[in-house]
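Take a look at the structure below.
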Amino acid sequence: IFIPAVLAGMKPTLPRAGRSGRRRLRRWNRPRGHIAAWVMRHKAAVILFFTLLAAGGGLAATAVGSRVDILGYFSPGSEPRVASDFMNRNFGGFNPLNVYLKAKVTDPAVLKVALLCEAELTASGKLPAPSGIADVVAELNNALTGFNTIPESAAEVENLLFFVEGNPMIDGMLTPDRNETLMSVLVPSFDNTILSGLFTRLDAFLDGFRRGIMVEPNRADHPILLGYERLLIGNLLTQEGIKAKNAPDIVAGLSRAAGRYQPRIDPVPIRAYLTSDEAELILDNAEADRLAARLVLITTPSTLTVREAIEQTIGKGRALPEAETAAFAQSIVSRMTESAERDLLSELDKTLLAFVPALKAADPADRNYALAPFLWKSLPVPSGRNGAAEGSSVVGTDSPAVRFVPVERFEITGTAKLMEDIRSSIFGNQLTSILVALVAVFLLNTLVFRSLKDGLVSLTAIGLTIVVNFGVMGLAGIPLDFVTAIIAGVAIGTGIDYTIHFMARFSRERVRARTAVEAYRAVLVTTGRAIVYNALAVALGFLVLVGSNVVPMRTAGILLASTMATSSLAALTLLPVVMTVTGSGKGGNGNGRSGKITAFREPIAPTRPKEETHVRI
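The numbering used here applies: residue 1 is where the sequence shown begins, and numbers increase by one.
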């Protein structure tokens, strides 16, 4: 409304219709006439060219992937890239990835699941070592007992956490009520080549425990245990830089060694305890010798069997207080069990080194950490999996041998997860948006031109532009991100604009009973000239972005400029050929005067004053 009002109030500045004016008009119209004639004579060649172009673009578009890497927005050598490179070199990453677990953290089953979750994070092989409360508890337990793993009782866990209570680092991992914990790892990049595979693997692990943890008695050939061991042994080999493809064979060998192991009690530390001040009952050397000799014969230590041994060896010679005797027996059981576990761990370590001699250079604590699940008395099993179906000795989840530990939440959080979700949304929403936009364009043009055929024809230039745009992205290795995701929308917007202008004018020229070549020539001289000027101006405007310091903005400037060129070229060459071949824009009764496109009708032979002294270009 505004522009016509302004033009109406201005004095026309049309060139005089002299000889020079007519010469300029002929120079302007002649090449367009040649173009129109050539295109209409070679319609098959034009269609073949654009078909091959679309096929090549579609093939190249299959290489387009989505990526949301904020650092990729900056040029190498820029301050953000330099700072991030420093963080990656010295700290392993700069972007936090967290796993949030809400459950009773002091429960050994929960801590074992947290430990395995940290192992899953480590298994990617591209991230630094994660930090979490399970790792802290295992290291404390290793310092006190020599076993680099989670203790078997909540009381032992509470005792270990007491040593680090109030530590600011622990406060960042564990809430004061000990019902929520956070495992963290630094990610060196937002690149989805690192994150997508990690999230797929991690989500598969978390899904098994989101409904709770089933706790089963452990045994050396438990299939769930073997799966955990393959994970831990694989991480140990990767950590030491050892390429071993026989990790399943190693774990199978360890399982056989653990299965045939017969507990052996070392009498030396047991006797040392019996004569120490730590013992609840004070024994002389003779009593200690007799009791130690009897204890080493017990294959399965328990409070009952140990108490019987105490009564049979030293109880006949003196009265034994009930409370002290019970506590004494329990202490002996703990030390006997620890001695047997230490011996089993030594046997497993020898078996591991026999399979992989290069692991002798590894820290013994790291080997201890990888082998420790064989020592677990109870095994955390995903609640979605029936242990009996996996070969468990427990039949069904109603058995009293199975304990259920509820888990309220088990989720991946952090900036890295947010960026990955955005990346997935961009890729999925891009396809949906394009389809919705194309359907909307089809319906709109069908209503405007009152023809289903015209609605379909109007999609040719738009579709070609979109396919070529993604083809260029695929050939150049340009990913789909925040910025490049808008280019398809711009392609649809400009494509439909040029398409409607061209089809409207071409249909009007055909209604005037012109031939296809005459109609095409008339459109090129009028509407075609406006389309070229518009595409050129918009392309130059977008090319300004090439000077931006932000890499995706430079990429977008180039892609948008090429989109303008593709959409205008398709509208001015492909569209008239398709309209002519399909008979689009003629009207419905075949005489060229049905007037279907009433919005674009005008008098067939408009009058023109004979004495006009201006030539309209």
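All residues carry an ideal CB built from backbone N, CA and C; glycine is no exception.
If you check the CB distance, VAL306 and ILE282 do not come in under 9 Å.
Between ALA123 and ALA372, the CB-CB gap reaches or exceeds 9 Å.
The C-alpha of LEU237 lies about 16 Å from the C-alpha of LEU348.
Within the DSSP secondary-structure output, MET214 pairs in a beta bridge with VAL381, PHE404. The bridge partners DSSP lists for LYS360 come to none. The continuous beta strand (DSSP E) containing SER184 extends over residues 180-187. DSSP places ASN95 within a strand segment (E or B) once states are collapsed to three. If you draw a 10 Å sphere on the C-beta of ILE233, you find 16 or more other C-beta atoms in it, and that means buried. Per the C-alpha coordinates, the member of VAL550, VAL525, SER562, TYR533 positioned closest to PHE542 is SER562.
Where PHE328 is concerned, the enclosing alpha helix (DSSP H) starts and stops at 322-355.
Runs of the beta strand (DSSP E) spanning 3 or more residues and lying entirely within the region 56-118 occur at 95-102, in chain order.
Per DSSP, the continuous alpha helix (DSSP H) segment holding THR494 begins and ends at 487-511.
Where ARG409 is concerned, the enclosing beta strand (DSSP E) starts and stops at 409-413.
Residue environment analysis places PRO108 among the buried positions, since at least 16 neighbouring C-beta atoms fall within 10 angstroms of its C-beta. Setting aside the 5 residues that flank it on each side, PHE355 is surrounded in the same chain by ILE250, GLY253, each with a C-beta closer than 7 Å to its C-beta; the list follows chain order.
The region 472-480 makes no contact with the region 507-515, as fewer than three CB pairs between them are under 8 Å. Between MET564 and THR494, the CB-CB gap stays under 9 Å. Here the C-alpha atom of THR299 lies approximately 26 Å from the C-alpha atom of ALA155. The continuous alpha helix (DSSP H) containing PHE470 extends over residues 459-476. DSSP lists PHE74 as the bridge partner or partners of VAL550. Sequence-distant Cβ neighbours of ALA365 in its own chain, meaning closer than 8 Å and more than five residues away, are ASN142, ASN148. In the structure shown, LEU295 falls within a helical segment according to DSSP collapsed to helix, strand and coil. Residue state for LEU283 is assigned as coil, using DSSP reduced to three classes. With distances taken between CA atoms, LEU127 lies nearest to LEU97 out of LEU97, GLY9, ILE496. Counting C-beta pairs closer than 8 Å gives three or more between the region 568-588 and the region 519-530, which meets the contact rule. In this structure, the CA atom of MET40 is about 13 Å from the CA atom of THR582. Distance between ALA63 and GLY557, taken at the CA atoms: about 21 Å. Under DSSP, SER124 shares a beta bridge with no residue. In the three-state reduction of the DSSP assignment, SER131 falls in the strand class. Counting other Cβ atoms within 10 Å of its Cβ, LYS417 reaches 16 or more and is therefore classed as buried.
Separation of the CB atoms of VAL68 and PHE482 is rounded to 7 Å, and the pair is thereby assigned contact status at 8 Å. Counting along the chain, TYR261 sits inside no alpha helix (DSSP H), nor does DSSP assign it H or E at all.
Taken atom to atom, the span from the alpha-carbon of ASN534 to that of ARG423 is near 33 Å. Excluding its 5 nearest sequence neighbours in each direction, THR351 has C-beta neighbours in its own chain below 7 Å: GLY253, LEU254, ALA257, listed in chain order. Residue pairing by DSSP places LEU7 in no beta bridge whatsoever.
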